[in-house]
Structure formats: C-alpha cells, structure tokens
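The opening position of the sequence shown corresponds to residue 2 in my numbering, with each subsequent residue numbered one higher.
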Amino acid sequence: MMLSWKQLILLSFIGCLAGELLLQGPVFIKEPSNSIFPVGSEDKKITLNCEARGNPSPRYRWQLNGSDIDTSVDHRYRLNGGNLIVINPNRNWDTGSYQCFATNSLGTIVSREAKLQFAYLENFKTRMRSPVSVREGQGVVLLCGPPLHSGVIPEPWKEKIQKLSYAWVFNEYPSFVEEDSRRFVSQETGHLYIAKVEPSDVGNYTCVVTSTVTNARVLGSPTPLVLRADGVMGEYEPKIEVQFPETLPAAKGSTVKLECFALGNPVPQINWKRSDGMPFPNKIKLRKFSAVLEIPNFQQEDAGSYECIAENSRGKNVARGRLTYYAKPHWVHLIKDVEIAVEDNLYWECRATGKPKPSYRWLKNGEALVLEERIQIENGALTISNLNVSDSGMFQCIAENKHGLIYSSAELKVVASAPDFSRNPMKKLVQVQVGSLVNLDCKPRASPRALSFWTKGDMMVQEHARISFLNDGGLKIMNVTKADGGIYTCTAENQFGKANGTTHLVVTEPTRIILAPSNMDVSVGESVILPCQVQHDPLLDIMFTWYFNGALTDFKKDGSHFEKVGGVPQTKQICISMVRCEQSTGEWFSVAQKFRGASVCSMNPRQSSSGDLMIRNIQLKHSGKYVCMVQSGVDSVSSAAELIVRGSPGPPENVKVDEITDTTAQLSWKEGADNHSPVISYAIQARTPFSVGWQTVTTVPEAIDGMTHTATVVELNPWVEYEFRVVASNKIGGGEPSLPSEKVRTEEAVPEVPPSEVSGGGGSRSELVITWDPVPEELQNGGGFGYVVAFRPLGVTTWIQTVVTSPDSPRYVFRNESIMPFSPYEVKVGVYNNKGEGPFSPVTTVFSAEEEPTVAPSQISAHSLSSSEIEVSWNTIPWKLSNGHLLGYEVRYWNNGGEEESSSKVKVAGNQTSATLRGLKSNLEYYTAVRAYNSAGTGPFSATVNVTTKKTPPSQPPGNVVWNTTDTKVLLNWEQVKAMENESEVTGYKVFYRTSSQNNVQVLNTNKTSAELLLPIKEDYIIEVKATTDGGDGTSSEQIRIPRITSMDARGSTSAISNVHPMSGYISIVLFFIVNTL
C-alpha cells in the first residue's frame, strides 16, 4: 500500500515518540498568589512561587504586566527553580500583574495572574486643626482625613490590599474614645460621630490610623471640641450621617458589614430590617450598639434591600441600600488530558459557574487559540475536527467574569500508529462451558482505529445465527458447543500496518453438584459433616468455598470448630469428540493427553471432587444457613442447607415483681430464646444482702411448667430487700439465669424471733447486767426494731420492764441502790418493731453485781530474793460466797525515786498469798501494797511495806581455772572472786558441768576455790564456774572442755583448751560433794 506524504510525516513523528508513555506536558503544582509587600520591611526580597511537573522537566519564564522579564539582564530578578525572586522590591517598578510560563517539548502552560502591591501608610500633614464649636445637645462629626496609603488592586479582584482601622484619642494617648449609642467611629470614613454633645465631651480629639498589613500607626493633629455659650440645643429628629451605598456588591462567602449612625436629640435608636419583610437569619449579628449590621458567609439569599431606621421621640429617618450578590467563577467541569487518534474529532467541554455568568477563552501553549473552520469554541466547549499531529499541545480553558478568572489545563496528544497488541494482548486461553455465551476481545492499540477480521485455524470465521462481529473488533459466540473450541486469530489493519493476536477457546462441560448438604437438626456439643460433592470437567480446577449466614467461612480463625474435608478427585472419563480430535492442533491434542488411559476421544468427561464441611463441638451460634459454593474457571454452582442447633434455653426476659407482701412476692417474666428446644420448667432464685449468693426459693405452684410465666414466691422474710431471677430448663438442660429484677423490700410484720443467748451478771455495785445476742437484721421484720427487757428478783411475781431502742445493742444495765450484791434475778428479753411486739426469750437466772472487797489484806511482808527480784506475801481476806467470787489480789509497787501514782501492778489469781516482783533495779528501796479484787471492783490497799533489793553479783568471773585428770578423777582449781564495793559479797561457788553430747546440766555448790569430781571419763565434758552471792550468781568463767581420757593422766587450763572432740555415750558421775541437778 502506497502512503501519502501526510502519512509519511505521521510515521516519522511516531518514530520520535517511541517512549511516549514516559512523556508528559507541564502541570502546575504551585502557582503564584497575590502578594502585598510592606514598604520599609526588613525583608529585602519577595518570592512568587511557581512549580510544575512534566517530562521532560519544564523550563520557566515570567511576565510582568504582559512583558517578559529577562533575568539575565535585570539582576533584581532571579529564578530559583520556577520561583521568581524580586530583590529589593520597588513600588514604582515592581507593582503589577505577574504570570509564570512552564514549557517542555510537549507544550506550554501559563499560570493565573498574581498581583504584587506595596503597602504603605504615610504620616498626617503636620498642621493644626481648627476648633469645632457646638452647642450642648447638638450632634457633631469630627473628620479624620487619613494620610496617603496604598490603594486598591485593579479589576477583577476589587479587594483592598491594605485595610485601615480607625480609633480616636480623647485628650491624651492612650485614652481612647469608648463607642456607645451616642458615639461612633466609622471604619469606612474614619470620622468620629457624636449624636448628642454633652459637657463631658469637651476636649481635644486625635484620629489614630493603623495599617492592618504593616501594623504602622499614625496620629493626626488634635481637633479641639468646645461648647458654645449661646445655650442648649433643643430636641430634633434624627439625621443619618453614616449610611451604606445605595448599591453594594458582595462576594459569595464574604463577611458584609453595613454601617448606619444618626445625630439627634434625644440620642436616636438604630434598628434594621429587610425591605421585603423577610426576617433576619440567625447568623446576622448587630455590633456597636446596632450601628453595624454584620452578615457572615454571604450567600445569594442574603442579597436584597436593607433599611436602617434611626428614631427618637422627635421623629425618625430611614436609609436604604441594596446588596447585590456576585460570585467568582468556580469550575463545574474541568478539562482532562486526552489522547486521540489522528483524523478523529475532539470535543472538549469546559464549564464553570459564577455570577455574572462566566465567559470562556482558550490558550494553546500559553497563547490565545487561533480559531479556524475546523477549530471552534461554543459555550466554553472546544471542538477540533479532522485532528492532525500538529494539533497536539498544552491547552488551557479560562473562565472569567468581572470578579475573577480561573484556569484549567490539560494536554492533547494526537497519535498515529499501526495496530499493536503489546499493550492490550489477547487472552491466551478462554474457558467456557457448553451452552454459554463468550466474547473474544480484539482491542489492539491503533491510530486511527483498525479494521479486524477473524480466522479459526486456517478457516475464515463467518457471521451466522450464533456468531457475530462486535463494533470494537471482538467476536461473539452464543450457545457455545464443543465444536466451537479451537484457536482463533484476530487480524487488525489500518493505513499504517497490521498485526494479529490469538486466543485458545476451550469448551468444557458444566459443573454439577451430585451430593448436596441437607438440612440438619443437632444439639449443642455434637459434631456433624455437611457433604458437598460435585461432578466437573477434568480440564477444570475447582475450588470449594463455604459461607455461613452470608459470611465467608474463615477456617484459620474458626479452626476449633470448622474444618474442610474432601475425597481424592476421581477421573471417570475423557470427553472430546472424535471429529474435534481430528481437527485439533498439536497444542489442543497435548491437553487431552494429560489424562491417563485415554486412547480415544469419548463424549462425556466427568470427574468427581468433594469439599465437605466438618463442624466440631457445635454451639448455638452455629445455627443458620450454610452455602457450599463450587467455582471453576468458567462457572460456579452452589447449594444451601439450614442447620438447626438445639441447646439449653436462653435467659428469660423482663423479670418483674408485680406484687409484694410481708412474706410473698408475685413475679412475672417473658420467655427467652428456647434455642430450638421448648422450655419445660422454670425455677426462681432470690438474693438478699444477707444471703451467700443466689438461693432457690419456694414457689406456688411448686413446679412451674414451661407454659407458665408467673409465680408467687413464699416463705420470705418481712422487711428484707430481695432480688429475683428466673432460670429456664428444657430437655437439653438448665439455661442461663435472667438478669436480676429490680430490688424490692417485703412489707413489715410483727417480729417472730426473740434474741438468743440471754445471760448477764457482773458489773458494778447495785447493778444488774443483762446481755443477749442481737437479732439479725433479716429477722427484725420491720423498722423501729428494739428490745423489751423484763426482769424480777427470784420469787417475785411482778416483772420490771424497760425498752432498748437500738437493734444492735447486746446488753442492758439496771442500776438501783436497793439491789443486793450477787442476788438472783429472773430475766427474759422480747422484741418489737413498728408493727407490734414479738415473743420473749425463755426465762433465765442472772445474778446482780457482786460487792467489791471491803477489807485490805493483812500481815504484808516483803524480802529481797536477788538484785532484781522481791517476794511479797500476805494473809487472805475474810470472804463470804454470798458476796460473790473473789478473783484474786493486786500487788502495787514503786521505787524510792518514783511516784506512787505511776506505780507498776502485778495480779495473782484465786487464793494465792504471795507474788514475785521481777525486773527490778539492784540495791534500790521499793515500796509495795496489796488489795483484793473481784468482778465488782477492787478493795482497799493494805499498809505499805518497803524492802531494798540486793546488790548485783560480781562482774568478775572466776579466773585461771586449772584442771587435772586421772582415770577416775577431775581436780579443779580457780582464783578467788573479790566483790567490789557496789557488788554482793561472794558466799560460795557453783560448778556447772555436762557431757558434750547432752544438754542436762548438773551443779556442784562449794565455798572453796577448788573441787574434786569423780568422773570415769569416757567422753568430753564441758565445765563452767560461777561465784554465788545474795544478789545472785556472778559472771561465768570461760567454758572448759575436758577431753576423753586416752592416757593415765592429763592436765590443762582454760587457755590450753582449743579443740573439740566428738563423744558418744553417757558417763555416770560420782561427786565428792553434794550435787544438785538443774
């Protein structure tokens, strides 16, 4: 085929775009924004941002007011990436509109315009202001006249780059004028308005102007305000001096502030309304005593006429104005990158909203798009017919109205290429089942679009009733048969070339379930298997999936209950028709050969597989619908079964106490979930603050069947707080208990249980003490519980009664001087509450308090036993059993340096007539006295006796202990112990000895410094020596170890013994002196 010169150019261009997928035109990431630079700022530069992505990386250039900025010539401008840096900005040279251009080999885009303005605020001209003279009661306006400052950004923004704020100083800075209903500072004009002048207003007023951009503040010259002397101004109607324009445009979403203030006498009141009578929405706020109406987030419904009414007793005045709504353009439909084939037509829609309605213009590569016969713009949409490669580039749609403009950018790629399957290849294998519909895709990349035709093997495919060609080049086959299987080739061609792709169509038999799961009825804890067996084409791999109540079964998460089990697939028969085998290609024949044992093609291939579901330890939550889904590459089949799990009942619901008495409670409840097994009985349990957990209670009826949902609980305790719950049972077992009912208290009743363990006795003289165990709260049967205590002397018929109001009290004490000591009384204790009196306890006998001893012990004596012990003795006092029981005696003692009040005490029980006082100080005089005591108290003390403790024993131990032994004797010698002046004199010595294997120590007393022991030594002995004195034993000598005799004789001393020898055996000891065994 011969190509035209245009086609040759296109093909050469296509060769240059071999890597076109990697190419991308510029797309802005950052665009410049309007900026304000404060004049005099310490920052000596300003940066306008511009960044774009693209491949190749974009290049950048800038324009100021439509003229290119040459950064190579003007060194005040510098590029950093795409950002433009203005060094030492100057308001005379650098003010204006900036635009960034980003360019690469695919085209150019231009950024939105960014306005750079300079903020400044000059000083007031220094000239004096003339005094303003007014009469009292007259209104006045003090003019501000702000100095020169930066102006307004040109269309289409109409926004001040610098907003000034105004305030006024009264007399001295910083005493600012406070605004109220009489005084107002306009933030539009800067003037100070005083509705009605008062004498306190006289003074100097200074206008203060602040720039909100630079925070600079300048003060004007003072304006004196003076009162005229020709009298007071009379009342007059309001005169509106501050009012908003007749027409004021307001931007969507902006905050609109309308000012209105009037002079007048009396001071006028300001009110606002809409001319159409519509009420103000809640968002509207009134500021500065209603002088400012503020409308935040302005919307179209806020547009309309507004009225300001200034009114006083002399009349009223009205100012009117209209707020008009405008909105900058806002995109509704952006243009997007498009790739389109040569000779096709392009329709690119670009749509925005705004008020007024936006107009549209288009740029190509940063310049205005030139319209011609095949390139047209209508309502913002761009159409280009019969596209060629030169139409490619970067396009921008601009939507604008007088309030703003917006840009949308996109890339147009016009491509020309021969058919190519590499990016959208045909499927190698398509599997379908007999009788289905199949579409074979053929969608090569081609520009312009390619024409396609199909072959099967070597034969051209022709359309007929079951086979048709699709518009996109595909092939559609309906009601597929086995004979339709084979290799299909699609050949695509356009003026630049052709290409082909192949698809292998395999036709299989449908999958069928031959053993489906069936509905089952099981009990909790059982295990079951839900079968799922299918017959399928052996060419297909199948997958079993189980769903439970619509959710996919997770065998890993639920492995403790669910397991998928299945048998080994069984090949039954190969199924490829004989005719098909003869016409098959080698590739098709190899597919058939993978099934062993197939020597010829047969008609019905079938293979069975199973994917059964085993459920172990079934729980109630496993009730529901189970679906076995079997999926192959070409079809899917499913079968469902319902599994009913029967378990013990769920908790009954809504347990309520319908009626309560003192001993009964009528309950009702609703049946809970029966868990697929009918309830056959109910049981009721109760709990009180006094019970241990929940207890089963007695009910009427005694046995509650499953159809009954009400019962009466009996045998309750009166005036006790109860909770009830109900437990249901079925043939599976008992279920969970219900939630507890609300707490209820049974009604009050007369108490029925008297106190137990009634007893008494003891106390002080003339007292009768009666004790008992308090009645538990759960048996008190009502509020106001207490005790009735009754008593009488033995043999008397009349009872004396008293009341104890505390329910926790365990005793009562009756005091009366007439009560004889240790007299018998009959006693009983009853109970009562708000409902009345209950029973008394059985009568018991209690004795009154005993009489304390009245006689002191006699014949008191005391003598010192040692340096730390004294023995005190006395004679018993006379005592009669009629006086009670004598418990014992109390010995009190103190030393010479102590006080009697802080004395120590020792008690002895019963009839003992002596006591040993221990732990005393040595050689010190002690005083002691004795008295008797019983349960009624103590008697008088005896006469005081004194005794001095002995001196302490010597601190010096016996020294230089020397021993000699023969086979039968041990001879000991030691040095005499001499007592010091403050120590007791030595009266003798004690020799302590024992075998090393025993703990039983024996003692030898002697008044000499030597001792002789008859010791047939057959094991080691341990010996110590102590001095004895009246004050006790002295310090022990060092231990002497006498070893077992191994020679005829031996000798040693305390300093010579250092070794310890083990011994076994017992040695009888014969002493030459009297031996005491300790």
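Just so it is clear, CB atoms sit at the ideal spot from N, CA and C, and this is done for glycine as well. It should be emphasised that the depicted structure is a prediction, and the values quoted were computed from it without experimental measurement.
- With respect to the 8 Å criterion, D636 and G567 are not classified as neighbours on the basis of their beta carbons.
- Contact between A328 and G355 is confirmed by a C-beta separation of about 5 Å, below the 8 Å threshold.
- Restricted to the segment 759 to 783, the beta strand (DSSP E) segments that are unbroken, complete and at least 3 residues in length are 768 to 774, listed in chain order.
- Within its own chain, the residues whose Cβ lies closer than 8 Å to the Cβ of V892, once the five positions on either side in sequence are excluded, are V873, K906, V907, K908, V909, A916, L918, T929, A930, V931, listed in chain order.
- Closest by C-alpha distance to I88, out of L49, D338, I110, is L49.
- For G305, the enclosing beta strand (DSSP E) starts and ends at 305 to 313.
- Judged by DSSP secondary structure, K286 falls within the beta strand (DSSP E) whose first and last residues are 286 to 288.
- DSSP, reduced to helix, strand and coil, places Q301 within a helical segment of the structure shown.
- Taking a 10 Å sphere around the C-beta of M427, we find 16 or more other C-beta atoms and assign the residue as buried.
- In the structure shown, the three-state DSSP call for P445 is coil.
- Counting C-beta atoms within 10 angstroms of its own C-beta, G278 has fewer than 16 neighbours from the protein chains shown and is therefore classed as exposed.
- Under DSSP, S874 takes part in a beta bridge, and its partners are S862, S915.
- In this structure, the beta-carbon distance from A687 to V698 falls below 8 Å.
- Within 10 angstroms of the beta-carbon of W169 lie 16 or more other beta-carbons, which makes it buried.
- For the pair V754 and V830, the CB atoms are not nearer than the 8 Å cut-off.
- Segment contact: the segment 105 to 116 against the segment 129 to 138, fewer than three CB-CB distances shorter than 8 Å; contact not assigned.
- Looking at W94, N924, K31, K46, the one whose alpha-carbon comes closest to that of A103 is K31.
- Contact between V210 and L65 is absent: CB atoms are separated by about 31 Å, not below the 8 Å threshold.
- Counting C-beta pairs closer than 8 Å gives fewer than three between the segment 269 to 287 and the segment 169 to 178, which falls short of the contact rule.
- Per DSSP, reduced to three states, the secondary structure at E703 is coil, with no helix or strand assignment.
- In the structure shown, S903 adopts helical secondary structure according to DSSP, grouped into three states.
- Taken through DSSP and simplified to helix, strand or coil, S201 comes out as helix.
- With contact defined as three or more Cβ pairs closer than 8 Å, the segment 370 to 377 and the segment 408 to 427 are not in contact.
- The three-state reading of DSSP puts S936 in coil, since its state is none of H, G, I, E or B.
- Linking V462 to K477 through their CA atoms gives a straight-line distance of about 11 Å.
- Counting along the chain, K403 sits inside no beta strand (DSSP E), nor does DSSP assign it H or E at all.
- For P756, the closest C-alpha among the options G736, P738, L780 is that of L780.
- The secondary-structure analysis by DSSP pairs S418 across a beta bridge with S448.
- When the beta-carbon positions are compared, K671 and P690 stay at least 8 Å from each other.
- Where D613 is concerned, the enclosing beta strand (DSSP E) starts and stops at 613 to 616.
- Beta bridge pairing from DSSP links Q270 with E312.
- Membership of W964 in the beta strand (DSSP E) is indicated by the continuous run 963 to 966.
- Look at K657 here: in three-state DSSP terms it is strand.
- In this structure, DSSP gives V390 a helical state, which the three-state scheme calls helix.
- For L324, the closest alpha carbon among the candidates C398, I336, F299 is that of F299.
- Within the same chain, Cβ atoms closer than 8 Å to the Cβ of E308 are found at W273, K274, R275, S276, V319, A320, R321, the five residues on either side in sequence being excluded.
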